[in-house]
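Participant: Pasting a structure below so you can have a look.
Protein chains: 4
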Amino acid sequence: MKVGIINVTGYSGMELARILHRHPDVDLVSVTGRSAAGQKLAEALPHLAELDLTIKNDLDSSVDLVFSSLPQVASAEACVPLVRGGIKVIDISADFRLHSAELYQQWYKAEHPAPDLLKSSVYGLSELDRDGVMAATLIANPGCYPEAALLALAPVVRAGLIEPDIIIDAKSGVSGAGRSPSMVTHFSEINENIFAYSVDGHRHLPEIVQELARMREGFQPSVIFTPHLIPMRRGILDSCYARFTPGAFASTAQATESIRELYNEFYKDETFVQVVSSPPQTKQTWGNNNCLIYPTVDPYTGGLKVFSVLDNLVKGAAGQAVQNMNLMSGFPENAGLEQLTIYP
Amino acid sequence: MKVGIINVTGYSGMELARILHRHPDVDLVSVTGRSAAGQKLAEALPHLAELDLTIKNDLDSSVDLVFSSLPQVASAEACVPLVRGGIKVIDISADFRLHSAELYQQWYKAEHPAPDLLKSSVYGLSELDRDGVMAATLIANPGCYPEAALLALAPVVRAGLIEPDIIIDAKSGVSGAGRSPSMVTHFSEINENIFAYSVDGHRHLPEIVQELARMREGFQPSVIFTPHLIPMRRGILDSCYARFTPGAFASTAQATESIRELYNEFYKDETFVQVVSSPPQTKQTWGNNNCLIYPTVDPYTGGLKVFSVLDNLVKGAAGQAVQNMNLMSGFPENAGLEQLTIYP
Amino acid sequence: MKVGIINVTGYSGMELARILHRHPDVDLVSVTGRSAAGQKLAEALPHLAELDLTIKNDLDSSVDLVFSSLPQVASAEACVPLVRGGIKVIDISADFRLHSAELYQQWYKAEHPAPDLLKSSVYGLSELDRDGVMAATLIANPGCYPEAALLALAPVVRAGLIEPDIIIDAKSGVSGAGRSPSMVTHFSEINENIFAYSVDGHRHLPEIVQELARMREGFQPSVIFTPHLIPMRRGILDSCYARFTPGAFASTAQATESIRELYNEFYKDETFVQVVSSPPQTKQTWGNNNCLIYPTVDPYTGGLKVFSVLDNLVKGAAGQAVQNMNLMSGFPENAGLEQLTIYP
Amino acid sequence: MKVGIINVTGYSGMELARILHRHPDVDLVSVTGRSAAGQKLAEALPHLAELDLTIKNDLDSSVDLVFSSLPQVASAEACVPLVRGGIKVIDISADFRLHSAELYQQWYKAEHPAPDLLKSSVYGLSELDRDGVMAATLIANPGCYPEAALLALAPVVRAGLIEPDIIIDAKSGVSGAGRSPSMVTHFSEINENIFAYSVDGHRHLPEIVQELARMREGFQPSVIFTPHLIPMRRGILDSCYARFTPGAFASTAQATESIRELYNEFYKDETFVQVVSSPPQTKQTWGNNNCLIYPTVDPYTGGLKVFSVLDNLVKGAAGQAVQNMNLMSGFPENAGLEQLTIYP
């Protein structure tokens, strides 16, 4: 199968190239990038020197599937003609995640160029909608924060065990802010520093709410989502807090045990989601496609706490995209994604 | 006034020495440290070479006030005879913070050597109990996490505006874990890493609950407190979440405005607490005694969010201790603490 | 004395403001900054909120001395009229360091606007030309790398003990690259990374060569200077290598001992230069005006190795500038510069 | 082929396990570790959870080849009986690198248990002694600093182009100091810090001298080697300085061109050594087995400068060991080592 990457020079684009290079079933045949057009990959991105490709302005024609790593809005413009032309597309940007054109307009301050595709696109969180992904022609790859939060909360939401008031306190490494230099990503500013941002509304919030609501008929989530930037390159930790529905469990002890069983059962067949027995560390997923989840019950208040970690550029972007491609194409779900974490 | 420091070789002890060196009204005349006893400060701690002192096993006799930077349990043992002997003591450890001997036993797994002093000690959060501190002879200096959380929540708790269910999602730099090397503080392990810890109960939890309860008659706080370790040296960020009491405000817009006014008014005369107008960054307090607080209302859920930052070794330890000493001694409250943040 | 800062919004400009705020003998009365003109300092630089100043496009008139923190070329343009107008100027940029207009043209790709001032400016490395600095009206503040290298090498060069072939392998934190965001200073790029740069010629090379040559009649230095960028914010370490002149010492043991004595004697009256007895660490000078120097003799080759560290924004920029101002103005040399290192 | 790892719980041991997991031609069947004996790998090292192995006190019997990641001295004791018993051994420690028992005694303060094996062991720097490695039964895997330095200098030393006075100024990430916690590796101490260490003699010095001397009949290297510790986890940069032999080149321009050609030719068939055209960055080799080398000539002095980078745990330890195993076993040299750099 021949695949292409639009905007290989961003962090998720180059991560896709790295992963696809080792994929046994696909050939990466075309890569684009505006600023570096005309350069060999080896020039623009020396760590990818082994891939003998030239960065172009536009995709070469003969590809079966395309990944878009463009920023929002620009990505929709690039993807729509491809989808209309019958090419499978996995969009790593946010342009096909919200199923409502009004909501898209509100959060992204742009009119969506193809509202019909908003309806038919599939939200590509493989573990929660494997059938949908397998049948999809246009995948909206999840945002990095929602990926971690939705995997952390799905078991209890689907089981109807928690109240709709949910708090997600999220922490991300700097690569999530993209490769373009800015004051926020300046080493001297962000090293030895942490702060909350977008506290009046981050674009991943409506995505989280939409997907939580889809998990259970009648569930109307009321979510506080606060992202924080921390001085590391890769990694996301979502700390999720919720209260159990009244009467859900007889005691905190019983809740603790039941919750562990529920999560273990829910993810028991998954390759990439591991329910762990102590708070996970982001570096335990450095460079691979895993998401580690630790659900527990607060012994003093009886509240639910779930901690989930992943590598924002792999399971939170490029790795999840390849996993989706594998499902869409009938490849083994973990093809190209077997790499162990590089530690320390 | 002559002062001494017990255990100057720990991070809060050496920070005390640094601050006291510039204090116009006190002489640091005696410092102790078990492992480095007999060495000059210049040998053991080259950055303090300007202080011409020798580290001793025990304090020299003639001091008016002593700071103890010993670990818990050991600190109580060292402080009790000093207090009994009429010397003013500021204990930076946790040994006199919990007013209940049973609670102390439960959380610190040791019998307290002087339960009577647990009753008479003053919790030294200057801004919230200035009169108490001024009259104290034994100060229990607050923990770093509680310091930030209590300052963040005091205005709304005292005003009776929030429900007792409170979530404190806290993030700390590594120096809070002390100077003794361990796997957790190993650079190769914690760099490019973040994780929650002590999720089944951190010792700062009962301290937070006790002090919140004291803020308002009948307030029975139910607190989830989750600390996280992040790859920086100094700095604490407490992200606090609560719901307003029903009917507290007519609208989210009104709540937002009222809350800002409340906080501005509450801290308007304070030197070290600043209410800021955007999410604060830990490095804005690097090396000084400030605590920056940003209260806001979530526009989607109407919930209260308060973010507070401070330098865990200054306002969260040594600086707060000097501020307490100033109040106890009739010095200007900011004596020795005027230093601006070093940035970047 | 009234002083002003041109371009307070850069890293050395804001560091100057921080230091001058505590200076007992001067008032900082005017600050400029192009992009932030019209803003209060508290807005543009929250960590300097205590300074009640508004950033202007141009200096207010009545100042006795001006610090310029502009980039090269722009700085000369701003400084020349001030100097001509009789105002004392300390230029932190590189515009008055090279005494030859030809050399300036060659390295800075611009014609110098006042070649006469190139001749009369004083290279402000206080410890090596205290009399010159005291009499100066225009100071060329040293570059950060040269500051460390020249202090490291002055004792042996002045004594005629080394051959002219010198290697300076220098390592700098990221703040030395300035505050403007770029790919090089992007956290995701420079964290967990080190590399040499400007290996075909860094602008600090001619400055080092010029000043080494001035140290001893007939000394014609042949210098290899290689700067490296490392993932920290502040700090410079210069590792200097040279060979002794034939017959300088009878043995390696004698050389080692003599060298230590020479350095101790050379710097024995200096406040800010300390000759230490083991390899110094950059963080031992974090935030203060010290330079730590460790000279030693390689036991296997008999070669000279000297390691020097300083904080590039203090002794390597703003602190050195204030030290120069103190000398020019008859203030105590360490006025405003007494702060101890903040550690860790 | 069945292989084992002695001391899998150290950084190079766990890195070996990670690489061998993906190796197509070998089965990792046995791993040992003193402190974690009895635990499953998933427990002791969660990032290796996919390897279903239990850590034992001693190797299970049936292995064809053993990697030892023990510390020096202990490693020799463990390896000698294996070698005597006919099992191939690759020792990642330093115990078989120095061919002289006297030198070993001098540098490692211990008597070598098998001086005869010091003579017959092969120094496993594959690119410089491929035939030797292929025929070896006991490999002394190179130290991380020497690996980078020897690859950087081999072309000019073998060609007889440089004088014997060589300076190697080396910088290493913290993982090179091993996994045991210490004050030196404490995050709060080493973050935002750099310093030289072992300036009176590092154990990698005699190894560098021995191997440089072997490169050319009559070459008697006089090496200054200075390692520095910097705040990153992985990565080594060796900055090497030397002078050309008199008359080697007609001009600096000719030297520059000739040197580039010489290096390109020397390494043109190598998979893992790349001669690059600008100063390499350590993170360009993060997690893979490459060594990037940039040779150049200083335009002002005509001196040779060579910069080489590698990942100290891969090409500087475990990856080099697997490369050696591949050569010894007739596998493709890059088997198991194809992974691209993870960037950023």
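Chains as they are written, first to last, in our numbering: chain A, 40 to 383; chain B, 40 to 383; chain C, 40 to 383; chain D, 40 to 383. Glycine is no exception: its CB is placed at the ideal position from the N, C-alpha and C atoms. Please read all numbers here as calculations on a predicted model, not as lab measurements.
(1) Does the count of Cβ pairs from the region 207 to 219 of chain B and the region 69 to 85 of chain B closer than 8 Å reach three?
(2) Consult DSSP for phenylalanine 234 (chain C) and reduce its assignment to one of helix, strand or coil.
(3) Can you name, in chain order, every residue of its own chain whose Cβ lies under 8 Å from the Cβ of serine 261 (chain D), other than the five neighbours on each side?
(4) Quick test of your reading: proline 58 (chain A) and glycine 358 (chain A), contact by CB under 8 Å. State the CB separation rounded to the nearest angstrom.
(5) Work out the CA separation of glycine 163 (chain D) and tyrosine 143 (chain D) for me, nearest whole Å.
(6) Do the region 267 to 279 of chain D and the region 226 to 234 of chain C meet, that is, are 3 or more Cβ pairs less than 8 Å apart?
(7) Any idea if methionine 222 (chain A) is buried or exposed, counting beta-carbon neighbours within 10 angstroms, 16 or more meaning buried?
(8) Taking only the alpha-carbon atoms, compute the straight-line gap between aspartate 386 (chain B) and glycine 326 (chain B) and give it to the nearest angstrom.
(9) Chain B partners of serine 107 (chain C), CB-CB under 8 Å?
(10) Could you check which residue in A:Phe135, A:Val195 and A:Glu89 has the C-alpha nearest to that of alanine 281 (chain A)?
(11) Taking only beta carbons into account, state which residues of the region 91 to 120 of chain D come closer than 9 Å to chain B, listed in chain order.
(12) Below 9 Å between beta carbons: does that hold for aspartate 5 (chain A) and lysine 41 (chain A)?
(13) Which stretch, first to last residue, makes up the beta strand (DSSP E) that contains isoleucine 229 (chain C)?
(14) So, are the CB atoms of alanine 175 (chain A) and asparagine 363 (chain A) less than 9 Å apart?
(15) Could you say which of B:Glu166, B:Lys210 and B:Val172 lies nearest to leucine 192 (chain B) if we only look at CA atoms?
(16) Taking 8 Å as the threshold, find out whether the region 246 to 262 of chain B comes into contact with the region 241 to 260 of chain D through three or more Cβ pairs.
(17) Give the residues of chain D in contact with isoleucine 229 (chain A), contact being defined as C-beta atoms less than 7 Å apart.
(18) Under 9 Å between C-beta atoms, does histidine 267 (chain B) make it to chain A?
(19) Taking 9 Å as the threshold (beta carbon to beta carbon), is threonine 224 (chain D) in contact with chain B?
(20) Here's the rule: buried if 16 or more other CB atoms are within 10 angstroms of the residue's CB, otherwise exposed. What is aspartate 385 (chain A)?
(21) Measuring CA to CA, which of D:Glu116, D:Leu109, D:Arg73 and D:Cys118 is closest to asparagine 392 (chain D)?
(22) Is serine 290 (chain B) close to chain A? Criterion is C-beta to C-beta, closer than 9 Å.
(23) Can you list, in chain order, the residues of its chain whose CB lies under 8 Å from that of isoleucine 126 (chain B), leaving out five sequence neighbours each side?
(24) How would you write the range of the beta strand (DSSP E) that glutamate 202 (chain A) sits in, first residue to last?
(25) Closest Cβ-Cβ distance between methionine 53 (chain B) and chain C: below 9 Å?
(26) Leaving out the 5 sequence neighbours to the left and right, which residues in its chain are closer than 7 Å to leucine 366 (chain B) when beta-carbon positions are compared?
(27) Identify, in the order they occur along the chain, each residue of the same chain with its Cβ nearer than 7 Å to the Cβ of serine 297 (chain B), setting aside the five sequence neighbours on each side.
(28) What's the call for glutamine 313 (chain A), buried or exposed, on a 16-neighbour Cβ count within 10 Å?
(29) Tell whether a beta-carbon distance below 9 Å holds between phenylalanine 311 (chain D) and leucine 376 (chain D).
(30) What span of residues does the beta strand (DSSP E) with alanine 149 (chain D) cover, start to end?
(31) Using the Cβ count rule (16 or more neighbours within 10 Å means buried), how would you classify lysine 344 (chain A)?
(32) Taking all protein chains shown into account, decide if glutamine 378 (chain B) is buried (16 or more other Cβ within 10 angstroms of its Cβ) or exposed.
(33) Measure the C-alpha to C-alpha separation of arginine 61 (chain B) and leucine 190 (chain D) and round it to an integer number of angstroms.
(34) What does the alpha-carbon distance come out to for the pair threonine 335 (chain D) and glutamate 304 (chain D)?
(35) Under three-state DSSP, which class holds threonine 93 (chain B)?
(36) Listed from N- to C-terminal order along the chain, which residues in the region 307 to 339 of chain D have their beta-carbon within a distance smaller than 9 Å of any beta-carbon of chain C?
Facilitator: Walking through what the data contain:
(1) no
(2) strand
(3) Pro203, Asp204 and Ile205
(4) First, the amino acid is wrong: residue 58 (chain A) is isoleucine here, not proline. Between glycine 358 (chain A) and isoleucine 58 (chain A) the Cβ distance is about 6 Å, and since that is below 8 Å, they are a contact.
(5) 18 Å
(6) yes
(7) exposed
(8) Any property of residue 386 (chain B) remains undetermined from this structure, which presents chain B solely from 40 to 383.
(9) Chain B residues near serine 107 (chain C): none, gap ~20 Å exceeds 8 Å.
(10) A:Val195
(11) none
(12) Limits of chain A in this structure are 40 at one end and 383 at the other, which puts residue 5 (chain A) out of reach.
(13) Taken as a continuous stretch (DSSP letters only), isoleucine 229 (chain C) belongs to no beta strand (DSSP E), being part of the alpha helix (DSSP H) at 226 to 229.
(14) yes
(15) B:Glu166
(16) no
(17) Simply none; closest approach about 13 Å.
(18) yes
(19) yes
(20) Residue 385 (chain A) falls outside the range modelled here, since chain A spans only 40 to 383, and no answer is possible.
(21) What the structure shows of chain D is the stretch from 40 to 383, and residue 392 (chain D) is not part of that stretch, so it cannot be assessed.
(22) no
(23) Val102, Asp103, Leu104 and Val105
(24) 201 to 211
(25) yes
(26) Ser165, Arg169, Val172, Met173 and Glu372
(27) Phe288
(28) buried
(29) yes
(30) Where alanine 149 (chain D) is concerned, there is no enclosing beta strand (DSSP E), given that its DSSP letter is neither H nor E.
(31) buried
(32) buried
(33) 52 Å
(34) 15 Å
(35) strand
(36) Ser317, Pro318, Pro319, Gln320, Thr321, Lys322, Gln323, Trp325, Tyr333, Thr335, Asp337, Pro338 and Tyr339
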